[in-house]
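At position 73 of the sequence shown (counting the first as 1) the number is 72 in numbering that gives the first Met the number 0, and the numbers step up by one without a gap. For glycine and all other residues, C-beta sits at the position ideal for the given N, C-alpha and C. Notes follow the structure.
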Amino acid sequence: MKSKVTISEDSAESDYLSALPSIDELLNSEVGRHIAAEAGSRKAVEIAREACSQLRHEIRSGRFSIEMPSDANRERIFKDLTIERMAELEARHVGGELRPVINATGVLLHTNLGRAPLSRAAASYMSDLSKAYCNLEFDLRSGKRGLRGESAESAICELTGAEASIIVNNCAAAAILVLTALAAGREVVISRGELVEIGGDFRIPDVLAASGANIREVGTTNRTKLTDYERAIGQDTALILRVHPSNYRMIGFTEVPKLRELAEAAHRNGLVLMEDAGSGMLTDLSEYGLDSEPLIGRSLEEGADIVIFSGDKLLGGPQAGIIAGRSHLIDTVRKHPLYRAVRASKLIYGALEATLRSYRLGTQLEDIPVLRMLAEERASVALRSGEFVDELRRRTTLEVVLLDGDSVVGGGCAPELRLPTSLIAISSKRGSAEEIDFRLRQFDPPVVARIQDDKVILDLRTVEECDQALLMDILANLEP
Ligand SMILES: *Cc1c(COP(=O)(O)O)cnc(C)c1O
């Protein structure tokens, strides 16, 4: 037999490597059999391989160069370690490169980190639905075909006062679908102040073009009057569009008509008033500083015929686009062939339904992570951060300072809003801020922080109490 020789292979390392258990041994262990029963044998093999490969990697990187007991014991120890690792991997549902991360940035709706984390109820409901068949389009009473997403849609109606609702993939899809179904080939009147870009690839003029509607710009960037809209209305006009500028604010010499006035003008002329509200605020959050975000129920009450909004911004649910409004318009939208291409999946209806249930019970501020983070008082974040810093000082040699600072909502919502918070600034004699920041991202779960004045900054507002211990362990292992 040809023996494989590699340069780095010293004898301890190769002894350790050969002491790793076989995949069969792992699958026959109690943990291996448990994973196979829970997640299937293919998943069990995957996890056993991943556990071995992690340990192999750690052996190669010298983690086991310390004294190891000899021979027979060593195999048992490595087997136990590998099995333990399998249990950890299964518990964390590591399935691929996409993985849970700890968001220590203080940005509540971090679009690059997947926006809103789901409530526990929504996550477990979604997981239950994913493992089984479900009555997605099946009426359990009649035993016949039922309506897709009916319960989530009626929850939207109950919470917003809308006559009807329809749920699609995201708010961008909602915009294109509604504009295509109601205004393709006709004119859409919109203020020049609302031809905005919402994060990179969602630009209102492009969305209108893609839906085949002709754009009729009125007013100026900073001021648009009701008469500007009224003068533009003609034979070809289908719809007046109001867009919430979400991630940008205009101050100073500005003017736009009230939504109620715009609705009256639209209805006088037999037109539809559509609002793209963006973030989907379902209950009044003005006491937390969110007074510039449209409240969906209020927009409908003030006369908007159709309002569209995201499921994963302030609403705090899964990625979805929600269309709420008059039933004859929703019917037209539902019948358009494009709806089939952008409709939501059973998992999304489930997650949304569970999220909306918290609103119906009035427990949204406790249940929904984003709202919980928004509502947490400065004093509470300060208390958690103070205790965290004390423990960090006890357990590590990191230099740690507690600072005053701000968290932000993010996700293109309320750009002017600052939520006072406590920031934990970390530095080390043994590495630069960039090095610490890099190392934090290599843990599992990775920690995402930011750098300011050559220090790594952690904001616990977006790290919930359940993740705090995990973050502490990671920081305790930060310095080599
Ligand atoms: C965020 C936003 C969108 C896009 O929503 P997605 O759910 O990300 O597709 C559209 N319009 C407005 C006003 C927004 O704020």
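Go to residue i, then tell me how far its alpha helix (DSSP H) extends in each direction, as first and last residue.
i: Met372; result: Pro368 to Ala374
i: Asp23; result: Ile22 to Asn27
i: Ile295; result: Ile295 to Glu300
i: Thr236; result: Element bounds for Thr236: not the alpha helix (DSSP H) but the beta strand (DSSP E), Thr236 to Val242.
i: Leu112; result: Note, Leu112: premise wrong, no alpha helix (DSSP H); not H, not E.
i: Val204; result: Correcting the residue type first, residue 204 is Pro in the shown sequence and not Val. Taken as a continuous stretch (DSSP letters only), the alpha helix (DSSP H) holding Pro204 covers Ile203 to Ala209.
i: Ser164; result: Element bounds for Ser164: not the alpha helix (DSSP H) but the beta strand (DSSP E), Ala163 to Val167.
i: Gly385; result: Arg377 to Arg394
Measuring CA to CA, which of the options is closest to residue i?
i: Thr159; options: Thr179, Arg333, Met85 and Arg297; result: Arg297
i: Glu376; options: Ile329, Lys78 and Arg417; result: Arg417
i: Val369; options: Asn476, Leu299, Pro444 and Val462; result: Val462
i: Ile367; options: Glu74, Leu107 and Leu97; result: Leu107
i: Glu286; options: Leu373, Cys156, Gln363 and Ile307; result: Leu373
i: Leu207; options: Leu360, Glu386 and Val187; result: Val187
i: Asn221; options: Glu193, Ala182, Cys465 and Ala353; result: Glu193
i: Val482; options: Asp283, Gly39, Lys257 and Ala237; result: Missing from the structure shown is residue 482; the chain here goes from 0 to 479 and no further.
i: Ala378; options: Leu355, Asp403 and Ser357; result: Asp403
i: Ala154; options: Arg48, Ile295, Leu351 and Ser426; result: Leu351
i: Leu355; options: Gly279, Ser326 and Leu391; result: Gly279
i: Ser13; options: Arg32, Ile58 and Leu26; result: Ile58
i: Ser129; options: Leu19, Ala38, Ala163 and Ile101; result: Ala38
Mind checking whether the beta-carbon of residue i lies closer than 7 Å to any heavy atom of ligand 1?
i: Asp235; result: no
i: Asn111; result: no
i: His33; result: no
i: Ala350; result: no
i: Ala323; result: no
i: Ala374; result: no
i: Gly160; result: no
i: Ile166; result: no
i: Val242; result: yes
i: Asn213; result: no
i: Ala174; result: yes
i: Ile197; result: yes
i: Asp389; result: no
i: Ala231; result: no
i: Gly385; result: no
i: Ala171; result: yes
i: Asp201; result: First, the amino acid is wrong: residue 201 is Phe here, not Asp. Yes, the beta carbon of Phe201 sits closer than 7 Å to at least one heavy atom of ligand 1.
i: Asp227; result: no
i: Ser118; result: no
i: Ser245; result: yes
i: Asp205; result: no
i: Lys312; result: yes
So, is residue i buried or exposed, given that buried needs 16 or more other C-beta atoms within 10 angstroms?
i: Pro293; result: buried
i: Pro116; result: buried
i: Met249; result: exposed
i: Ile343; result: One point to set straight first is that residue 343 is Ala, not Ile, in the sequence displayed. Ala343 is buried by the Cβ-count criterion.
i: Ile65; result: A caution first: Ile65 carries a pLDDT of 49, below 50, which makes its placement in the model unreliable, though a value can still be read off. Exposed is the call here.
i: Phe77; result: buried
i: Ala50; result: buried
i: Ala262; result: buried
i: Asn169; result: buried
i: Val400; result: exposed
i: Leu240; result: buried
i: Cys465; result: exposed
i: Leu470; result: buried
i: Thr420; result: buried
i: Pro204; result: exposed
i: Gln483; result: The chain is shown only over 0 to 479; residue 483 falls outside these bounds and no answer can be derived.
i: Tyr247; result: exposed
i: Tyr358; result: buried
i: Pro20; result: buried
If you follow the beta strand (DSSP E) that residue i is in, where does it begin and where does it stop?
i: Asn213; result: Asn213 to Val217
i: Phe308; result: Ile305 to Ser309
i: Ser406; result: Glu398 to Gly409
i: Arg449; result: Arg449 to Gln451
i: Glu186; result: Glu186 to Ser190
i: Ala432; result: Looking at the DSSP string, Ala432 is not in any beta strand (DSSP E); the run it does join, the alpha helix (DSSP H), is Ala432 to Gln441.
Would you grab the beta carbon distance between residue i and residue j for me? Rounded to a whole angstrom, and I think it's under 8 Å.
i: Ile423; j: Val446; result: So it is not a contact: roughly 12 Å between Cβ atoms.
i: Ile329; j: Ile322; result: 7 Å
i: Ala103; j: Leu382; result: With 8 Å as the limit, Ala103 and Leu382 do not qualify as a contact, their Cβ atoms being about 17 Å apart.
i: Gly502; j: Thr179; result: Nothing about residue 502 can be reported from this structure: the residues present for the chain run from 0 to 479 only.
i: Gly411; j: Gly277; result: 7 Å
i: Leu299; j: Gly324; result: 7 Å
i: Ser118; j: Ala353; result: 7 Å
i: Arg333; j: Ile165; result: 6 Å
i: Phe480; j: Ala171; result: Outside the displayed range of the chain (0 to 479) lies residue 480, so it cannot be described from this structure.
Under 7 Å: does the beta carbon of residue i sit that close to some heavy atom of ligand 2?
i: Phe77; result: Absence of ligand 2 is noted for the structure shown, with ligand 1 being the only ligands found.
Taking only beta-carbon positions, decide if residue i is within less than 8 Å of chain B.
i: Gly320; result: In the structure shown, chain B does not exist; there is a single protein chain.
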